Amino acid sequence: MLEPISVSMESLNLGTLAPMLVAIVGALGILVIDLIKKDLDKTLYVMLSVLILFVDLGVVLGQTVGQRGFFDVMLIDGLAILSQIIILAASMLFIPLALTSKRFHEYSYPEFFALFLFMVAGFQFMVASDNLILIFVGLETASLALYTLIALHNREKSFEAAVKYFVMGALAAGFYAMGAMIFYALTGSVELYKIAEVLAADNFANMTILLVGVVFMIASLGFKLSMVPFHTWTPDVYEGASAALAGYMSVVPKIAGFVVAMRVFEFLIHSDVVWVRDILYAAVVITMTLANIIALVQKDVKRMLAFSSISHAGFVMAAIMIGTTQANSALFLYWILFLFTNLGAFAMLWVSRHKASIWHERFDHPYEKFSGMIKIMPVGAVVMALFMLSLAGVPPFSLFWGKLYIMSAAVNSDYIVLALIMAINSAISAYYYLKLIVYMFLKDPAENDGTVYMKNASKPLQTIIGFSVVLTVFAVLAVNPMMEFITSYVQASGF
Amino acid sequence: MDHILSVLVFFPAIAGLLGFVVSKESIRAYGISVAAIEFLLSLWLWFSFDGNYPGMQFVEMLPLIPAFGISYYLGVDGISLFIVVLSTFITLIGLIALSIEKDIKNMIISLLFLEMTMVGVFVSLDAILFYVFWELSLVPMLYIIGAWGGELRIYAAIKFFLYTFAGSLIMLVGMLVMAYLYHQATGVWSFAITEWHRLILPMNYQIWLFIAFFIGLAIKVPMFPFHTWLPYAHGQAPTIGSVILAAVLLKMGTYGLVRLPLPMFPDASVYMIYPVAVLSLIMIIYTAMVAYAQKDMKQVVAYSSISHMGVIVLGTFAMNPEGIAGSVFFMLSHGVVSGALFMLVGVIYDRRHTKLMSEFGGLAKVMPHYATIMGIMVMASVGLPLTMSFVGEFLSLAGFYQISHTMTILAGTSIILGAVYMLSLYKKSFFGEVVHEKNKNLKDLDGKESMALWTLVLITVWLGVYPKPVLEPINTSVESLVSFMHKKAITKEAREVIKPTVIKREAE
Amino acid sequence: MITLSHYLILSAILFCIGLIGVYRRKNLLLLLFSTEILLNAVNIGFAAVSKFYGDLTGQMFAFFIIAIAASEVAVGLGLMIVWYKRRGTLDLDSMQSMHG
Amino acid sequence: METYLYIALFAPLVGSLFAALFANRPKNIVTGIATSTLLFVAWISSVVLLMHVMHGEEVHVKLMDWIHAGGLYIPFGFVVDQVTATMMFVVTTVSTVVHIYSMGYMDHDRSFNRFFAWLSAFVFSMMVLVMSDNFAGLFIGWEGVGLCSWALIGFWYERESASWAANEAFIMNRIADLGMLIGIFLVYWNFGSLQYDEVFAQVADKDHTLLIMVTAFLFIGAMGKSAQFPLHTWLADAMEGPTPVSALIHAATMVTAGVYLVIRANPLYSAVPEVSYFVACLGAFVALFAASMALVNRDLKRIIAYSTLSQLGYMFVAAGLGAYWIALFHLMTHAFFKALLFLGAGNVMHAMDDELDIFKMGGLAKKMKWTMILMTLASLALAGIYPFAGFFSKDKILEAAFATDHYVLWTILWITAGLTAFYSFRLVMLVFFGEERYKIFGFHPHEAYKFMLWAMAPLAVLAVIAGFFEHSFMHMVSYVLPIEEYHVASGTFWTLVVVTLGIAASGIAVAVFKYSKGGFSKKWEETFIYKLLFNQYYIPKIYDEYICKPYAELSRIFWKDMDLKVVDATVDFIATTIYKSGMASRVVQSGNLSNMLRWMGVGLLILLLAAIFYSPVR
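Chains as they are written, first to last, in my numbering: chain A, 7 to 501; chain B, 34 to 541; chain C, 134 to 233; chain D, -1 to 616.
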């Protein structure tokens, strides 16, 4: 007979829950509004969700580093805050992409925005806890919401994408649960820090079982981070989803995933379990390279970007594998820069989204679509080219600095070979980014009147694009302050 | 005015941006005037430059990423000064002689951006800044080759871009390692090249880093066997593209050799002399022979410029003031001469839209004026005394003679082989009877062409007869460089090989 | 006497069954079931382990998993219905429009 | 005196530039006159300088710095000592004459102005060559004359043969120049300077092998310019150029640059007897070799060219035997009579509308008396008949050879003297006497312009009297050149003279006798010897077959099979491989959901296996 447990309010420290609550309450609010008055315009909801996210961000910034709460399942450390900031910022930048000039099915539902906010909350949970249960819950909340959002795009492909994503996600969830179970079985706890303690205490006896657990973790997180061979969903889902959402998916879920991966793997790496390091090393190299070489042969820009984002993810995973403070900070820097560049790139695709498939029966954004763009729409072409160059890591555009930092992190911990592999991979990747530039600048226009490039451009979208252009070009000025900011947080959370 | 370098770097870029506003008709004039101003600025730089001070001048330092030791760090010494002047000058000349009508606006704007990157590479003293400009220079060139080129232009453009890009990424890794080692040694991050020079590394590190840097630079030079992108690039690029590519962009590689690996890794450089020298010899002889086999005028010039770059590299690795000063001077002369040659080929291409020598013959009769200038430039490229390139070639070879007797003889064959292919080119296309109907009434050089070309001729002769104003500042800096390397070297061999002004010592 | 290991083995076996299901089945619905089997296999494990350690965390986790599984089913079924409406089949091979 | 020096140096340059302004314009007699006048000015000032240095003075000026890098310091410095003065005198004299002569000769040429531009340019470079006070300056002139000779040989560039010959000449000289360049490098790195005086000052304390290398490499350069075997083929082909050019460049001045170099570097050469001896032997060989080819040739100008070659051989023998002043003396006399000979040939060509085959001429004496006389004078001088200039200088050389106990050399030169006499009079006979074959070919010969003949007069005079200045000349140059008196018993001396004159005379006699009635029988032309000589020992053919053709072929292979098929192909191969592997690895993206799930499973399995089997100790 269990005796009743009394919980004191302050021990809950609900402040730690506040950000997620904001998001959730906001989402509910939107639904309520919809109940009260039907068919309000999407602009309202967009702005509302932006505001909610803004408040959320405020709360996050208000939090103080290094506190636990709510039965100690919440953990607010540097990583949590940092990643939440990134997540929220990204969301605030992506949600206005809904303000297209053309109407799209999904945005006519307020549920879309509610789900969006739920998803954000889910990600926040993922990053703001080191409790496997809560991570799991957050992960699933986010994923389930995401499946639905994809499906809401309401085209043949998007359903297919949703289903594929969903089924594989379910499998991944199974892996995750299994992994968690093994950890639990091994250590009798689901709190990562406790697990670490216990393992350290009995000095990593029965390594094999632990490794089996790690394997399942790698498998499930690898799915989230789209690491080879768990990446297969990525290109299809990106192709199926709307460009805006694809862009979002290429950034936000990954950062959440990275944070979790850090929490799960780094303590192993630091208590040098060589196995994990080696496996990650292999995984990183394979992911980078394979994704790159497949991206070479893509015909569709969006699909190419999907593969490229896989290889970027691999690039960044290296930072986790290296595991020094510099590497971890580099990871965040890289991802922030990547956020803006990718945002821009996908936004460009998004504005040029058109219903009828002129150039290719299957693809929306085949390379041919952009051929001779410089003649029809110089500014657009130049902007797109900037993003491509940045993604290719051509200095001084944003991503170069990310690459620089990660490679230098690799070098500084004597992974010179890895650095070389990274270099070579960037060289390979340059080809497919260049391909688009070649089409835009060096080929003659294939039959079109320039209108298509601006099909559903609108002031907000242009503003966003302009914003990311500025950040892409002048990144160098932002790098130093950003880096200091990030490092301070990362160090605060002892990574 | 102590920000002249920044002005030099960014003026063309800003002008380029504003260029978007200028109307299509008047863009050419705009471009020329901008280039002219830039050139005048560079001349000002030259005149306010103190030729007797060996170190860096007009230094500008502005930390960009202090946490990581990356800074906006500019400066020129005798070595870089004239290459800067060369790049502004060639851009101006190229713009004057520009004969393209299609998308002229884009062309001019990208040229201006290219100018920024060129100047930037030569004045930046921070490795990362150097790298930034280095890579950035690929982009406008890609566009120029790819948009205005011949049949294979896209293939050529991509090949050019990727090849160089891949190489320089390896160099980037080298830079990062270097920075790391510097950090290990001093505890602070720094990418300042001048700082790196002070770092003395153990031999094995030196060798690996040397290789890393060398690959990046060698592809740009281009050293055999990394040279194959060049014939395509030249073969496809429009005249202006080839002119700038040959005259300035290739110099980035050789300039990089002088600026980075030599002072940073003197021992490794000495250790590597023979491998490098062998490569250069292959470049010199092999490419000269290939040039002889060409049917296309432009390809002959392209291969010839590879062959001459070989002499430059050889001079650089002579490790004595004569050789290095010579090679730096040869960079300039090669810039002027090969630039002029490409322009000349362009002239005839504009008239006949072919570059095949078999299509011509007897041009000397039809276009005497053109033939005269071509003759002078051919002779210059063959390295006749009292032309610029003789001074460079003579010094480079003389310098390297100290390293190896036999190799210098082999390298010296360049003066023979050069004569062989250049003269056969001249004979095939300018001598003999006029056979083709089309050639019967070709019009001779027009105003802007002859203006541009005569300027080049004058410079070639002037600096061939009186190289002092240029050679002296170069020499000052080079001498200090060499004695620095000598002091810095750790291995005995290196200290023996690196000879700061041997002769003076004997004379005294 | 049934020990922890028996439970774990059972859960492992179930997990394998689930995996095999995921492998072999070409029908979305059955695929969904297999994933459910996976999760429940894990649940058994959790329950057993938490009994073994005598703390409730494991069972809590199990409950959460059940809940999540339920919601997954909800979403999954929804997607399937839509798909079925459009295509009239739940065969996996019917969805290959995106590849390469 | 500096002023005179500068005038002598730059007058030709000014003339050349002036003429160059009109290069592409139609004929303008002013250019001819201007250049000739300027050259005359130059001649005057060099005479003044000659007078000045006659008694051991020396003019030494430094115009400006040229190259200064590291320890290498090269100024534009000029020195006029006795040797230089002599050379200047020769050069200016001959070139003035040739300029004036050319005004008539090039009368109808459409590139009249261009011709004078190049001709004066040549004189300038020649001046630089002889006046420079350091090896680098010498090299400038060296290359300069090469350039001008290229331009002038290929002056009628429409002719394939002309432009070909021009390139051949240039490239062959380049081969030699490489040797010279190396020599210069050697000098620089071992003597630390390129100034003659500084270098020669150190000769004593340099080790022997080094000196051997230096001299050898420098001599390679000399061989090229002076067309010594095996680099001799270009000289004969160079006759494609206008005849005045042959007179000035390929007889009087440029080809003697090699000899000048050896004379100038005499401190070096006299320090290494081996090399000097080699020089002498090569000279002797070439003398005979060239003479033998001249025997049978049918081409007016080529015959004279070969005789030039063999005379150069003589000079090298002298230089090689250490009798530098004799070499210089012969150089001077030879310049006069050979130029005269060529200009005469020019007249003949004019008369015969550029016909060169001497077997198509004959009996021209009636039509062009003066030319006949002048050429006979020149031939006598060439043959070395007393009292003509050739006698003194050539005799001296033979004497030197004999006195230094080089009997073999002496014999060779002795025979050569005979041959020389023979072929020069064969030429005279065939051209001016005997039956008038030209009528068959329908030529209408006529005497050249008066002023052309007058222009030739000074040369003729010098060709006759120059020999008598032997002693004053010797005395003059003795300031710079070593003079050793050869002590041969006067008896022997006179025998030598007689013997030499004898063979020369008999050579003439044979020629006159034979060709006055129909020359040799046809069947002589069938013999192997004749063919061998007539085809110049098949050397040009050999060069073409075994050097030019293989080189071209090799280049083609390097380009097509090496550069494209190997080097470039490798690069592309790497690229395509990566691309192909991309194509291959697409199968992962089959798009079939169950495959995708399987991939996940596979990944998991691999990892599990890794977990179980690969577990490194931590």
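Glycine included, C-beta positions come from ideal geometry on N, C-alpha and C. Note that the structure is predicted; figures quoted are calculated from it, not measured.
What does residue i reach in chain A if we use C-beta pairs closer than 9 Å?
i, result
"Val586 (chain D)", "Val234, Pro235, His237, Thr238, Leu296 and Ile300"
"Ile610 (chain D)", "Thr214, Leu217 and Val218"
Looking at chain C, is there any beta carbon in it that lies within less than 7 Å of the beta carbon of residue i?
i, result
"Ala250 (chain A)", "no"
"Leu606 (chain D)", "no"
"Asn590 (chain D)", "yes"
List the residues of chain A whose Cβ lies closer than 8 Å to the Cβ of residue i, in chain order.
i, result
"Trp64 (chain D)", "By Cβ distance, chain A contributes nothing, its closest Cβ being about 43 Å from Trp64 (chain D), past 8 Å."
"Leu158 (chain B)", "Chain A residues near Leu158 (chain B): none, gap ~16 Å exceeds 8 Å."
"Val42 (chain B)", "Those within 8 Å of Val42 (chain B) in chain A number zero; the least Cβ separation is about 13 Å."
For the candidate residues the options, whose alpha-carbon lies nearest to that of residue i?
i, options, result
"Leu225 (chain C)", "A:Met174, A:Leu37 and A:Phe122", "A:Met174"
"Ala349 (chain D)", "D:Leu286, D:Ala321, D:Leu266 and D:His442", "D:His442"
"Ile178 (chain B)", "B:Ser483, B:Trp167 and B:Leu147", "B:Leu147"
"Met236 (chain B)", "B:Glu512, B:Ile523, B:Met364 and B:Ile531", "B:Ile523"
"Asn533 (chain D)", "D:Ala325, D:Lys299, D:Met291 and D:Glu445", "D:Met291"
"Gly399 (chain A)", "A:Tyr439, A:Lys44 and A:Arg368", "A:Tyr439"
"Val155 (chain C)", "A:Ala325, A:Glu272, A:Leu426 and A:Ala178", "A:Ala178"
Which chain B residues are close to residue i, counting only those with a beta carbon under 8 Å from its beta carbon?
i, result
"Leu307 (chain D)", "Chain B residues near Leu307 (chain D): none, gap ~23 Å exceeds 8 Å."
"Leu395 (chain A)", "Val172"
Spell out whether any CB of chain D is found under 7 Å from the CB atom of residue i.
i, result
"Met310 (chain A)", "no"
"Gln435 (chain B)", "yes"
For a contact meaning CB atoms closer than 7 Å, what does residue i contact in chain B?
i, result
"Ser553 (chain D)", "Met322, Val323, Tyr325 and Ala326"
"Met413 (chain A)", "Val206 and Leu209"
Mind pulling the chain A residues with CB within less than 7 Å of residue i?
i, result
"Met581 (chain D)", "Val303"
Is residue i near the ligand MG, with its Cβ less than 6 Å from a heavy atom?
i, result
"Pro456 (chain D)", "Among the components of this structure there are no ligands whatsoever, and the ligand MG is therefore not found."
Looking at the C-beta of residue i, does it have a partner C-beta in chain A at a distance below 7 Å?
i, result
"Trp557 (chain D)", "no"
"Leu209 (chain B)", "yes"
"Tyr63 (chain B)", "no"
"Phe198 (chain B)", "yes"
Kindly list, in the order they appear in chain C, the residues whose Cβ is closer than 7 Å to that of residue i.
i, result
"Thr214 (chain A)", "Neighbours of Thr214 (chain A) on chain C: none; closest Cβ ~14 Å, over 7 Å."
"Gly601 (chain D)", "What Gly601 (chain D) touches in chain C: nothing, since even the nearest Cβ is about 12 Å away."
"Thr154 (chain A)", "Val208"
Does the beta carbon of residue i come closer than 7 Å to any beta carbon on chain B?
i, result
"Met26 (chain A)", "no"
"Phe447 (chain A)", "yes"
Have a look at the DSSP bridge pairing and note the partners of residue i.
i, result
"Pro372 (chain A)", "A:Asp306"
"Asp329 (chain B)", "B:Leu389"
Give the residues of chain D in contact with residue i, contact being defined as C-beta atoms less than 7 Å apart.
i, result
"Asp242 (chain A)", "Gly589"
Which residues of chain D have a Cβ atom closer than 9 Å to the Cβ of residue i, listed in chain order?
i, result
"Phe513 (chain A)", "Outside the displayed span of chain A (7 to 501) sits residue 513 (chain A), for which this structure offers no information."
Which parts of the region 110 to 142 of chain A are runs of the beta strand (DSSP E), unbroken and 3 residues or longer, counting only runs that do not cross its ends? none
What are the start and end residues of each continuous beta strand (DSSP E) run of 3 or more residues lying completely inside the region 194 to 282 of chain B, in chain order? none
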